[in-house]
Amino acid sequence: MNPSTSHPSSTWQLQDAKAQFSAVVRQAETSGPQLISVRGKPAVVVLSNADYRRLQARSNKPGFTQLMRSSPLVGLDLAVDRSQDLTRQITLEK
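Residue numbers (our numbering): 188 to 281.
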């Protein structure tokens with residue numbers, strides 16, 4: 188699984204994952220995150236260290252709102268002139 192997608196590449200029942208933990212880890216390293224279910228419900232995901240670090244790096248980036256709030260322009264009263272016309276003329280080229 189690519190970390191940007193939401194579906195693990197394999198699903199394991201807990202008892203199978205316990206019995207074959209080395210295989211679960213190997214699959215996580217080579218094929219992507221492995222979902223482990225308990226009583227038929229998704230419970231945990233085993234990730235490779237590389238996938239985990241990518242996710243951590245993404246979560247540490249500021250979001251758009253945080254970025255805008257930290258702008259040096261916050262609090263300035265900027266006058267922005269904008270046309271109030273509803274339409275404008277454009278020329279389309281062939």
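Here a beta-carbon is modelled for each residue, glycine too, at the ideal position from N, C-alpha and C.
Rounded to a whole number of angstroms, what is the C-alpha to C-alpha distance between LYS248 and SER270? As a working mapping, residue 248 is identified with position 61 in the sequence shown. As a working mapping, residue 270 is identified with position 83 in the sequence shown. One C-alpha to the other measures close to 35 Å.
By Cβ distance below 7 Å, which residues in the same chain neighbour THR198 in space, the five residues on each side in sequence not counted? Position 11 of the sequence shown, counted from the start, is the residue given in the question as residue 198. The residues are LEU222 and SER224.
In three-state terms, what does DSSP make of ALA244? In the sequence shown, the residue the question calls residue 244 occupies position 57. Collapsing the DSSP output to three states places ALA244 in a helix.
Pop quiz: VAL212 and VAL233 are said to be a contact at Cβ under 8 Å. What is the actual Cβ separation, rounded to whole angstroms? Locating residue 212 in the sequence shown gives position 25, counting from the first residue. Locating residue 233 in the sequence shown gives position 46, counting from the first residue. That pair is a contact at about 7 Å.
Taking just the CA atoms, how far does GLU216 sit from ASN236? Position 49 of the sequence shown, counted from the first residue, corresponds to residue 236. Position 29 of the sequence shown, counted from the first residue, corresponds to residue 216. Just so you know, the alpha carbons of ASN236 and GLU216 end up roughly 8 Å apart.
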